[in-house]
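Student: I have a structure here, written as structure tokens, and I will follow up with some questions on it.
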Amino acid sequence: MLLNVIERGPDAPSTLPPVVLLHGLFGRARNLGFVQRKLAATRQTLAMDLRNHGNSPHGPMSYPAMAEDVLETMHHYGMQKAMVLGHSMGGKTAMMLSLIHPQAVQSLLVVDIAPGQGGFARMDLPPGLDKLAFPPHLDLRSADELLRPLIANDAVRQLMIQNIRMGDNPGWAIGMHDILAGMPAMMGWPTLPASAQYSGPTLFIRGETSPYIQPTNYPQMRHLFPHYRLETINGAGHWVHADAPRRFMELVEEFATQTENATPA
């Protein structure tokens, strides 16, 4: 599946490894816009809408399928390998890509998610969102009023509002049915061959107050990514890049510089 992308890069051709950016559940490419703009000053970047999100096509959800989408889209834009940065669901997709196509991943940066069961538990979404009855017309204020009785958390509600088609004949702009059907797969992690491993440079960044990377995850992280290191950003939650943008960007740029000459596994 060819994904919708936002492409940015420097004015002159760059010899630095390109970067792929992958958003989290119910997000879209532009959520990592400030990261992309910083990196694009020196290298080609692609921020992708994962399947069923943003302006990308819809279809069944699984991490192997989503990893293949990313690879196909990279090749469409002439990328044979890249530094791949993913947040949450995008982080699991990035990990899967590195494990099944390690030659395509120059280096791996995973933001606040581990390779295993878990993630997104605090979204607390009600069932049946794909069958939500929309009025004939909708603007931002009325969309907030529509979702408020269903989604009490302000941050989650605003995240969901960005996925609504506004104006006349409103509705979900995303593949809500496929996303909800795929939630068990998104919460989980596929069974992989014992030999599955990505031996390239790997950085995990976690938010101090987020529950999604715990010491119980470390053995699996070490098995799959033997050269990983973990950085914790104090005071940040799951949306690390929004909670502590300056420190987050420092870590990203430092990692990108350190791994410029890495050889893919």
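Start counting the sequence shown at 1; every next residue gets the next number (UniProt numbering).
For each residue, glycine too, the CB sits at the ideal point set by N, CA and C.
Here the structure is a predicted model, which means the values were calculated and not measured.
If you measure between the beta carbons of M83 and P18, is that distance less than 9 Å?
Tutor: On the sequence shown, residue 83 is found 83 positions in, with the first residue counted as 1. On the sequence shown, residue 18 is found 18 positions in, with the first residue counted as 1. Yes, the pair counts as a contact, with Cβ atoms nearer than the cut-off.
Student: On the DSSP bridge assignment, give the partners of T15 in chain order.
Tutor: Along the sequence shown, one-based indexing puts residue 15 at 15. Looking at the DSSP assignment, T15 forms no beta bridge with any residue, so it has no partner.
Student: Leaving out five residues on either side along the sequence, give the residues of the same chain with a beta carbon under 7 Å from the beta carbon of L129.
Tutor: For this step, residue 129 is matched to residue 129 along the sequence shown. The answer, listed in chain order, is M176, L180.
Student: So L132 packs on V70, CB below 8 Å; how close in whole Å?
Tutor: For the purposes of this step, residue 132 is identified with residue 132 of the sequence shown, where counting begins at 1. For the purposes of this step, residue 70 is identified with residue 70 of the sequence shown, where counting begins at 1. No, L132 and V70 are not in contact; Cβ-Cβ is about 29 Å, not under 8 Å.
Student: Just list the alpha helix (DSSP H) runs in the stretch 115-151, keeping only unbroken ones of 4 residues or longer that don't cross its boundaries, in chain order.
Tutor: Counting whole runs of 4 or more residues, the stretch 115-151 contains the alpha helix (DSSP H) stretches 140-147.
Student: Suppose the cutoff is 7 Å on Cβ atoms and the five residues either side in sequence are ignored; what does the same chain contact list for M249 look like?
Tutor: Position 249 of the sequence shown, counted from the start, is the residue given in the question as residue 249. Result list for M249: V35, K38, in chain order.
Student: For the structure I just gave you, are there three or more beta carbon pairs, one from the stretch 143-154 and one from the stretch 5-19, closer than 8 Å?
Tutor: Verdict: no, contact absent.
Student: In chain order, which continuous runs of the beta strand (DSSP E) of length 3 or greater are located wholly inside the stretch 153-215?
Tutor: If we require 3 residues or more, the beta strand (DSSP E) runs fully inside the stretch 153-215 come out as 202-207.
Student: Between W189 and the ligand SAH, is the CB less than 8 Å from at least one heavy atom?
Tutor: For the ligand SAH, the structure offers nothing, since it holds no ligand at all.
Student: Just to check my reading of the structure: N4 and N52 have Cβ atoms closer than 8 Å, yes? What is that Cβ distance to the nearest angstrom?
Tutor: Sequence index remark: in the sequence shown, residue 4 carries index 4 (1-based). Sequence index remark: in the sequence shown, residue 52 carries index 52 (1-based). So it is not a contact: roughly 11 Å between Cβ atoms.
Student: Who are the Cβ neighbours of L46 in its own chain at under 8 Å, not counting the five residues just before and after it?
Tutor: Along the sequence shown, one-based indexing puts residue 46 at 46. Contacts found: V5, I6, E7, P18, V19, V20, L21, T73, M74, Y77, M79, A82.
Student: Cα separation between R28 and L50?
Tutor: Taking the sequence shown and counting its residues from 1, one reaches residue 28 at position 28. Taking the sequence shown and counting its residues from 1, one reaches residue 50 at position 50. Roughly 7 Å between the two C-alpha positions.
Student: Using a Cβ distance threshold of 8 Å, determine whether the stretch 233-243 contacts the stretch 111-118, with at least three qualifying pairs required.
Tutor: The stretch 233-243, when compared against the stretch 111-118, does touch it at the 8 Å Cβ threshold.
Student: Relative to the C-alpha of A196, which residue among H101, L147, G86 is closest?
Tutor: Here residue 196 refers to the residue found at position 196 of the sequence shown. If we check each option's Cα against that of A196, H101 comes out closest.
Student: Cα separation between A242 and I213?
Tutor: Taking the first residue of the sequence shown as position 1, residue 242 is located at position 242. Taking the first residue of the sequence shown as position 1, residue 213 is located at position 213. Going by the C-alpha atoms only, they are around 18 Å apart.
Student: Pull up the distance between the alpha-carbon of T93 and that of L138, whole angstroms please.
Tutor: Locating residue 93 in the sequence shown gives position 93, where the first residue counts as 1. Locating residue 138 in the sequence shown gives position 138, where the first residue counts as 1. Going by the C-alpha atoms only, they are around 33 Å apart.
Student: Kindly indicate which residue of E231, G91, R43, Y228 has the alpha-carbon position closest to the one of M66.
Tutor: If you number the sequence shown from 1, residue 66 lands on position 66. Of the candidates E231, G91, R43, Y228, the one whose C-alpha sits nearest the C-alpha of M66 is G91.
Student: Under three-state DSSP, which class holds L22?
Tutor: Your numbering for residue 22 matches position 22 in the sequence shown. L22 falls in the strand class under three-state DSSP.
Student: By the three-class DSSP mapping on this structure, what secondary structure does R51 have?
Tutor: Position 51 of the sequence shown, counted from the first residue, corresponds to residue 51. Reduced to three states, the DSSP call for R51 is coil.
Student: Between the Cα of D11 and those of T42, G24, W189, G116, spot the shortest distance and give me the residue it belongs to.
Tutor: For the purposes of this step, residue 11 is taken as the residue at position 11 of the sequence shown. Out of T42, G24, W189, G116, T42 has the C-alpha closest to the C-alpha of D11.
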